[in-house]
Amino acid sequence: MDSNITFYSEDGRGNIFDDKGNEATAYDESPSFRLKKITDLKKLVKNNTYSELHEIEVPDVRMKEASVRKERDTEYNVYTEKDRLLYLYFVFEKGMKNKQAAEAANINPHTARKWKQKYQQNPEEYVPYKLTNLVPSRPVSQLDDRHKDHLVKFFDENKRATIEDAVKELTQNFENLEIKKSRVAEFMKGECNLSIKVISRHPTARNSPAVIEKRAVWSTRGEPAVVETPSGRATSHTVLGAISSAGVVNVSMREPGNVKRRKVAGATKRKAPSDKLSTPKGTTGAHYMHFIIDTMDIMDTFPEMQGFHIVMDNAPIHVPSMINPLIEKRGYIPVYLPPYSPELNPIEDFWSIVKSKVKRHALKGTETLTGRIVESCEEVPLQHLQNCVKHSMNLFDKCLNKESI
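Letter by letter, the sequence shown follows residues 423 to 827 in this note's numbering.
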């Protein structure tokens, strides 16, 4: 499920860090102030992405509707003594974890957990009879050595493939095979001796014949999950975004200009050129001013958005003396969040959703990262955006009362 995509955050002072706080070792940077709009609310409304929005109507996300008690039909699972014994057999004889044993015995995990607790409290009453002779009442597996060899070869060639990819690969290459994802996962772990590992990215040049000749030969004791990548250097894609409870308002990407490269020596701080700084580092206030103007141009086309608050965090590129006059002149209200308050910023949750969609699968064929970002932004449901806003607004009272969030 992993890919060659790594997300970095910029602090507005030219410092680039990954999700773990490590500084970027090398990357391409654009000094241009140009921005390319990749999606916006006008496009989404025109394409009927938010089909429920004939007119943008921003809900009061702080209102909580009273729950209405109503009668509903409740279905209960009925289990036999054999089901209970089968589950206990998987747990105590096979050493399976509770969730795995429950799935194998087709038992609700919550119910299975209660059975296990009762057995541990009183083994005499809940003793499983002849567990070693118990034969699971599951259909015989359709997978055999042919499928095993095919899966091993498939994952040798596609180390980033997922279980869904494995199911698709089997059903496409073996006629009349209908198999569930859980069965394939069980077969991969039990019969194919495959397991999920953290990959190690090796630049292609690292294993070129010329480089190999320069190294001593090492014997292999185990085979880690290694993925070859074209380069160890990252190309940055800087994205600016604005959302609301009415939808994704504007998402723009910084366009490449005259590209330069900045490197970090070892783990030390980034060294600036000794003679002069030829261009501003990273995303600057100029980029953000262009983005704010474009965003307000979009908002102006929707009368319902007049007078909206434009919420920003305290990033250095959000310069109030430059930005406030622009916003107030257009009839909007600038609001700046306190430091270290990502929970109060709805767009943080939005970016988290987008990142998960972008990283879900590796890029294939002619697919580009920009296209994947656009697709991911446009696939976020309106309800999720409203939930992001609601989550942040529900914390306002705690902040006003000086409580921890």
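Every residue, glycine too, gets a C-beta built ideally from N, C-alpha and C. Nothing here was measured: the structure is a model prediction, and the numbers come from that model.
Between the alpha carbons of N544 and E801 lies a gap of roughly 51 Å. DSSP places P756 within a strand segment (E or B) once states are collapsed to three.
For S666, the enclosing beta strand (DSSP E) stretches over residues 661-666.
Remark: C-beta atoms of I714 and F730 do not approach each other more closely than 9 Å.
In the displayed model, R568 falls within a helix according to three-state DSSP. F609 counts as buried, since no fewer than 16 other beta carbons sit within 10 angstroms of its beta carbon. Your pair V673 and T471 does not check out as a contact, with CB atoms roughly 13 Å apart and the cut at 8 Å. One Cα belongs to E770, the other to V811, and the distance between them is close to 10 Å. At least 9 Å separates the beta-carbon of I585 from that of T593. Around the Cβ of R568, a 10 Å sphere holds fewer than 16 other Cβ atoms; the residue is exposed.
Rounded to whole angstroms, the gap between the alpha carbons of V513 and D566 is 25 Å. Under the three-state reduction of DSSP, L599 is assigned to coil, being neither helix nor strand. The straight-line gap separating the alpha-carbon atoms of Q808 and C821 is approximately 20 Å. As the crow flies, the alpha-carbon of K538 is around 24 Å from that of R605. If you look at T792, you'll find it in the alpha helix (DSSP H) that goes 791-801. Using a C-beta cut-off of 8 Å, the region 746-755 makes no contact with the region 770-785, since fewer than three inter-stretch Cβ pairs fall below that distance. It is roughly 22 Å from the alpha-carbon of V467 to the alpha-carbon of L457.
Between the region 789-805 and the region 721-741 there are fewer than three inter-stretch CB-CB distances shorter than 8 Å, so the stretches are not counted as touching. Secondary structure note for H731: it is in no alpha helix (DSSP H), and the uninterrupted beta strand (DSSP E) holding it is 731-734.
For N470, DSSP assigns no beta-bridge partner whatsoever. Around the beta carbon of I827, fewer than 16 other beta carbons sit within 10 angstroms, so the residue counts as exposed.
Here P531 has N520, K521, A524 as same chain residues with Cβ atoms under 7 Å from its own Cβ, once five neighbours each way along the sequence are excluded. A contact is defined here as three or more CB-CB pairs under 8 Å, and the region 665-672 meets this definition with respect to the region 709-726. For I460, the enclosing beta strand (DSSP E) covers residues 457-462. Beta-bridge partners assigned by DSSP to M675: K458, V661.
Collapsing the DSSP output to three states places V500 in coil. In this structure, the straight-line span from the alpha carbon of R676 to that of S658 is close to 10 Å. By the Cβ-count criterion, S778 is exposed, with fewer than 16 other Cβ atoms from all chains shown falling within 10 Å of its own Cβ. In the structure shown, G517 falls within a coil segment according to DSSP collapsed to helix, strand and coil. Contact check for M727 against A664 fails: the beta carbons are separated by 9 Å or more. In the structure shown, V670 falls within a strand segment according to DSSP collapsed to helix, strand and coil. Taken atom to atom, the span from the alpha-carbon of D735 to that of S763 is near 8 Å. In the structure shown, the three-state DSSP call for G787 is coil. Taking 9 Å as the cut-off, the Cβ atoms of A527 and D505 count as close. In this structure, L507 keeps its C-beta atom at 9 Å or more from the C-beta atom of V574.
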